[in-house]
Each structure stands twice: as structure tokens, then as C-alpha cells.
Amino acid sequence: MSLKIRKQDALRYHSQDPAGKIEVVPTKMLSSQMDLALAYSPGVAEPCKEIANNPEDVYKYTAKGNLVAVISNGTAVLGLGDIGPEASKPVMEGKGVLFKKFAGIDVFDIEVNEKDPKKFIEIVKALEPTFGGINLEDIKAPECFEIEQTLKKEMKIPVMHDDQHGTAIISSAALINGLEIIGKKIEDITLVVNGAGAAAIACTKLYIALGVRRQNIIMCDKEGVIRADRQELDDLKKEFATTRDIHTLLDAMRNADVFVGLSVGNVVNKEMIKVMAADPIVFALANPDPEIAYETATSVRKDIIMATGRSDHPNQVNNVLGFPFIFRGALDVRATSINEEMKLAAVKAIANLAKQPVPEMVSKAYGIRKMLFGRDYLIPKPLDPRLITSISPAVAKAAMDSGVARFEITDWDKYALELERRIGIDNRLMSRIISQARKSPKRVVFAEADHHKIIKAAQILVDEKIAIPILLGNRKKIESLIKEFELELDVEIIDPFEEPEKMEEFGHYLYQKRKRKGLTAYEAKKLMRERNYFGSMLVETGQADALISGLTRDYPSTILPALQVIGVAPGVHKVAGMYIMSNKKGNFFFADTTVNTNPTAEELVEIVGLTARAVKFFDVEPRIAMLSYSNFGSARGEVAVKTAKATKLAKEKFPELIIEGEMQANTALNPQLMQENYPFSEIREKGANTLIFPDLTSGNIAYKLLAEMGGAEAIGPILLGMNKPVHILQLGSNIRDIVNMVAIAVVDVQAENINVGL
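Quick note on numbering: the numbering used here labels position 421 of the sequence shown as 608, and the sequence is numbered without any gaps.
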């Protein structure tokens, strides 16, 4: 998907305190004088001496084994060209963020003010003691070839120029699978490569390693076909020069089996696609505009297999499918290089993963009911959580088999579990939810649309195609805010006071619904002047799909109108509130954190049912802990007795669920503690991921403390048990909180309300 990025939004994102996108976080306790003495002087001398005696111990006593340098001189930054090392720093920080998010790898970004390849090489070589690997980035050709080749030869840690090899590896996997689908042999195909830069050269060399015959390759640059009789060809282009009597890209495309574009947008036309061989494979990888638009190419040839660099079309060739996991595998065996065997192992792992059954969470994230290996699914999706456990082991094993590994992995099942734990495999939950929401945006009404945070969130929702906002409130004030913040927000605005007939209609509807519950006709019509009632009625009558409110008002006064107008789902007696607490260990589900003050044991059982079904909705199998200050009867008291009773009743009512308790929070989250003291526990192996609190006080305090002091991201609150999707924001939520809640609301609607029948 191509997003519209506004200059001010991008600048604000990068400049908000703290500036930039990365920070250094200590991994050891530093809370006492003893901690400080161990971390630095005098305690630090001991690991220094051990490393001096055995340099390999640097991997044992320091972070070297999980630290990669992302290094650039800023000479070929994205599509911006030679903008200098300082200007390249935001990109390098961004690359570091991707390493961390997808593979749990720490990064120092290093921007070097040096264009001379030889001097640049010496600078990077001198950094070898610090890093476990080197990721070269955005260095222009042809210097990048000399730099990478020399560093790979002279350094004893993995070095990879991702601009070259990332695209090569991902597109090679797509090529293998594309040829398999159409039944062509790689050694028989004619291949046209448009572009002769770093990525094009690297791709072509890897295709040759896979079996493409050099004599069957035609490479073009901006001057046309690279021919052997052309003057002033450099050594790299000479390697791929042809002696055929062809001069233009159109000539080259005639009867070609495969086209790979690594050049600029819109240089390929319909005629060029028409003259290709049967079942043509077209990889138009220029970004943001492909060499030929996906819609144009597929309209010309129904037998075409196509890939682009864009996420809004099938078969996205995205480097994030490769580099995090390749470096992960290389680091974990302390490889001395990333060699051809390791790259080919990555290619095969990516290609093979595309042939495996796709997890439901991935299909849901991309809004594709059935994702099956074929013309529109050649390579895995970037949000597939299996990438790390498929590619990294393959790369690590290839390093071991080819003799460049200095550490051996023997238990591959254990290694796969370590990979999942390292990145917190569920940390991509919101990414999946947002991707899923984009596939079918729904109408979401905001009851507090005259607040600047709501307006800004609405702009993001429109830009990212997550939802269709309906702004409820004073029209003049809303339009004034849109103008003040220079937004381009063209959405429906509803001012209730401009809708007297609708207010009358809604008031009558509410009166009929609640006339036997003490509400008069006059009061019902008067309530429609209040936006939470009016917004709830828009959802109830089908004029909107979901309601978001609560930014500026307390929770009870916000939820009451929704309960009176929309009501609870069939079979539900109590609604409940759930937060998803996300940190590096994964996602944890907390309930009830917002609604029920002091639920009875029986009400806790209902909360268990609501929460369990919601957790399953997020493609997570709940492991439920019923929390108290007691462990399995170790202490008595009102709360402990209530929680123990609720546990017994919940186990009886939901025998298919894993439910444990009553237990303390640290016990629930610490498998080692459980195995040592409570080996009978059903959650002793992995610990709990779903925590049911005995009362609102404890749940509310716990999630807020964890968010403020523990650094966890709080996603929610998610209101459980309503008849139609309604979600109440926490007072003072930030813009990202609002966007996340709307994405959940949209997916809620897509699933025809996760609450119905809970």
C-alpha cells in the first residue's frame, strides 16, 4: 500500500522528544552501588581479563554477538541520491528499528564522512572488535562492490550490503516459485534485467548461481541494451554485455520469459509486455512507481505472473523478508561471513515457506480468505511470524555446513523456541490488526470530533485506509480544526443540531426501547442532544458501524449511553474491559480493567468467558491465570476465597480452556517459579498470557503501573460484551492509541462483532 506522507507529520514524528528513533537501554540492573560496581569499576575488570586471555569470550561477556553496525556514507540514499552522511542518519536509524522489530537484533548506526572507498574500508575494518556483523547501506555503485568485496575478504564477521543482496535473495525466491508454477526450467529461460546498479548486478549474479545461463541474460541501462560493442563500459557492465543485434528495451523483451526491473518507474509499456513469451514473469521492482503499473500489465496479459515492491499488490518483494533473519542466523553461529551458501539457503527457505499452509492470523491480517501458493502468492508476507524460524535456522545451518560458523547449534527445536522468545513473536499483533482493517475499512463515528487528537487520528485513518471516519460535533469547530492543522480531511461531518428530524427520530427510537425502564419521551429526545447518545444511535440504526468515544469524559458517563442504546450481546449479563499489554516478551491480556468494580465469583466466570473469546479473536490461545494475593490456598481472605471459587466454577463451565488459580501475579508469569513450587500447574511450561483480576482496583492499577513504569504499550481498553462494536478510549489517550482502537473496532465489525455470543 502506498501511503501519503505529509512533510510535517514526518518531521514531527522524528523530532518529538526524544529526537530520532533509537536509544540505548541497559540490560542489567543498575539500582544499587553493588550493581554499578559490577557494571563498571572494579567489577568490569574481570570479564576484561577473561577476554584478553581468550578473545572469543567477547561473545560471552558483551553484547557483540547481538550487535550489528548499519553503516553508510550517504552516497545513494533511497531515491534521494548523494545527500551526505548526516542526511542519511534517519534512514540508518530506521534500518536499526527493523532489525530490532523483526529479529531482536541491536544496532548502532554509523554514518561515515568518507567517499574514498579505500579510506572507507579502513574505517569499517577498524570497527570489527565492536560488532557481530556489518550491514552496509546506501553506498553508491560501483564503489559499493569494491567496499563489500574487500571487507568480506578482510573481516572475520558477517558483512552484507543489503541494497545488493536483499533484493537479490527475495526476488530469487519469487523467481524459483514462479518458474515452478508455469513449469519452466531456470536454465532454459531468457532473462531481461533493466538497470545496472548495485541491486541489478547482485540479482543477476544470484540468478546465475541458481542456474540462469549467462548467455540468456540481456541487461539494459538508461542508454538501452548493454552491448559488447558499446564504448566505455565498466568492468561490471562488460560482464553482462551481449553480442546480439538488439538495441532497445522493446527488442530485449521480445520472447523474453522473465523481466526484472531495478530501474525507474513507467519505462515499460503495454507493447513490451505483449511481445514477451507465454506465461511471462514480470518483476517491476522500482519504488514507489514500478516500471509498469500492476493494473496495466495484468490487463494486457492474463497469463502474467507479476511482483512489485508495493504492498498493495500481490507478491511484494520487500527486503525486510530477508536481512533481519539472515543476520540473525549468522550471528547465532558466530559466522565469519555471509557466503553464497548462506544466501542460497535463505532463498530456498523463503521459497519453501510460501508453499506451506498459511496461518490464519496472516490471512486475516491481509484480508485474504485463502492464501495459497500460486501466481498471486509466490513469497511469504512480511508479517508472517514463521519467517524467523524458517530463514534464520536455514542460514545458520548453511554457515555450519560451509565451515564459516564458530559456534554450533545442536538442538534445532530449542533454537526455534529461542528465536520466538527473543523477538516476542506476538509483538506484531497490532501490525496484523491494522493490515486486516485496511482490507475492508468500516464507518467509525467519533463522538468527540471537535478535539484536535481525534481530527489528527482521523487523518491518519484516512491516509492509511484503516477506517471511514464520521466526525460528530460542531461543524464550524471541526472545520476550523481541520484548517488550523492544515489537514486534507474530506470525510462526513454530522452536527446533531443541524439534524432536527434525525434527533426526533432517534429520540422516539430510544423512548420505545426504554419507556418501561423509566425514560419519558421528552427525556429521550433531550438525550439525543448529547453526542454519545446520538453516536450510539447512529451505530444502532446501521448508519455507522462502530463508535469511538471517551477521550475527554470519564469512562462510566461514556459507557452508559452505549449500554442504554446498543445494549449487550445476547446471553451476556455483564460487559467487561480488557487491555492488551505489549512488551518485548509478547502480548498479555488483562481483564477486567475498566468496568466491574467488585465482581462476584459468578461474574468473574463470565469475565473469563468474554476475555477468552476475545483473546482467541486475536489468534492467541489463552492461558488464563485467576489472580489474587494467594497461591493455591496459601492464604485466606475474602478475595482469595472469591478467586478460588471463581476458578473452580470457570473450570467447570469452560473445560476446554486452560485456567489456573488462584495465584499471585509473579507466579502466573514465571514458569521457573511455577515448576519449582507448583509442578502440577497447567501453565507451568509457558506461564500465563491472560490475567483475570479479582476487582477493578487491582486490574486498573496494574495496567497503568505497567504502562507508566514498566514501559509496556497499553492497547485498549477493548469493551467486551456489547451487541455492536463500541470502544471507550481512556481519558487523555494519544493519537496512536486512538488509531489502534479504531483498527480493532474495524476488525471487530469485519468479524461481525467479536462480542456477539461471547
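Note that beta-carbon positions come from the ideal geometry of N, C-alpha and C, so glycine has one too.
Annotation: the continuous beta strand (DSSP E) that includes residue 765 extends over 763-770. In this structure residue 802 does not touch residue 854 by the C-beta definition: roughly 20 Å separates them, more than the 8 Å allowed.
In the DSSP annotation of this structure, residue 645 is not part of any beta strand (DSSP E); the continuous alpha helix (DSSP H) holding it starts and ends at 639-650. Rounded to the nearest whole angstrom, the CA to CA distance from residue 700 to residue 783 is 24 Å.
By the Cβ rule, the stretch 214-222 does not count as touching the stretch 284-292, because fewer than three pairs are nearer than 8 Å. The bridge partners DSSP lists for residue 293 are 254. Residue nearest to residue 314 within the set 352, 873, 866, 254 is 254 (criterion: CA-CA distance). Judged by DSSP secondary structure, residue 528 falls outside any beta strand (DSSP E) and instead within the alpha helix (DSSP H) spanning 527-540. Rounded to whole angstroms, the gap between the alpha carbons of residue 234 and residue 248 is 6 Å.
A residue is called buried once 16 or more other Cβ atoms fall within 10 Å of its Cβ, and residue 622 is buried on that count. Residue 367 and residue 470 have their alpha carbons spaced roughly 16 Å apart. Counting C-beta pairs closer than 8 Å gives fewer than three between the stretch 902-915 and the stretch 877-887, which falls short of the contact rule.
Every beta strand (DSSP E) of 3 residues or more that sits fully in the stretch 299-335 is shown, in chain order, as 320-323. Residue 207 is not a Cβ neighbour of residue 252, given a cutoff of 7 Å. Residue 593 counts as exposed, since fewer than 16 other C-beta atoms from the protein chains shown sit within 10 angstroms of its C-beta. In this chain, residue 587 is not harboured by any beta strand (DSSP E); it is covered by the alpha helix (DSSP H) spanning 574-588. Ranking 769, 761, 747 by CA distance to the CA of residue 915 puts 747 first.
Residue 350 is a Cβ neighbour of residue 386, given a cutoff of 7 Å. One thing to note: residue 491 has its Cβ within 7 Å of the Cβ of residue 485. DSSP places residue 218 outside both helix and strand once states are collapsed to three, so it counts as coil. Between residue 631 and residue 735, the C-beta spacing is below 7 Å. Within the DSSP secondary-structure output, residue 347 pairs in a beta bridge with 322. The C-beta distance from residue 238 to residue 518 rounds to 18 Å, too long to fall under 8 Å, and the pair is not in contact. According to the DSSP secondary-structure assignment, residue 564 is paired through a beta bridge with 561. Residue 306 sits exposed, since fewer than 16 C-beta atoms from the chains shown fall within 10 Å of its C-beta. For the 7 Å CB-CB criterion, residue 918 and residue 774 do not form a contact. Taking a contact as a CB-CB distance under 8 Å, the pair residue 364 and residue 302 does not count as one, their CB atoms being some 39 Å apart. Contact check between the stretch 889-902 and the stretch 867-876: fewer than three CB pairs, one atom from each, fall below 8 Å, which does not count as touching. DSSP places residue 693 inside the alpha helix (DSSP H), whose first and last residues are 687-701. DSSP places residue 886 in the helix class (H, G or I) of the three-state scheme. Beta-carbon to beta-carbon, residue 516 and residue 581 are separated by about 7 Å, close enough to satisfy the 8 Å threshold.
Residue 852 has its alpha-carbon roughly 23 Å from the corresponding atom of residue 218.
Take the alpha-carbon of residue 250 and the one of residue 311: they are about 19 Å apart.
The straight-line gap separating the alpha-carbon atoms of residue 674 and residue 643 is approximately 8 Å. Counting C-beta pairs with one atom in each stretch, the stretch 455-473 and the stretch 525-533 have fewer than three that are closer than 8 Å, which means they do not touch. By the Cβ test, the stretch 433-450 is in contact with the stretch 406-421, since at least three Cβ pairs between them sit closer than 8 Å.
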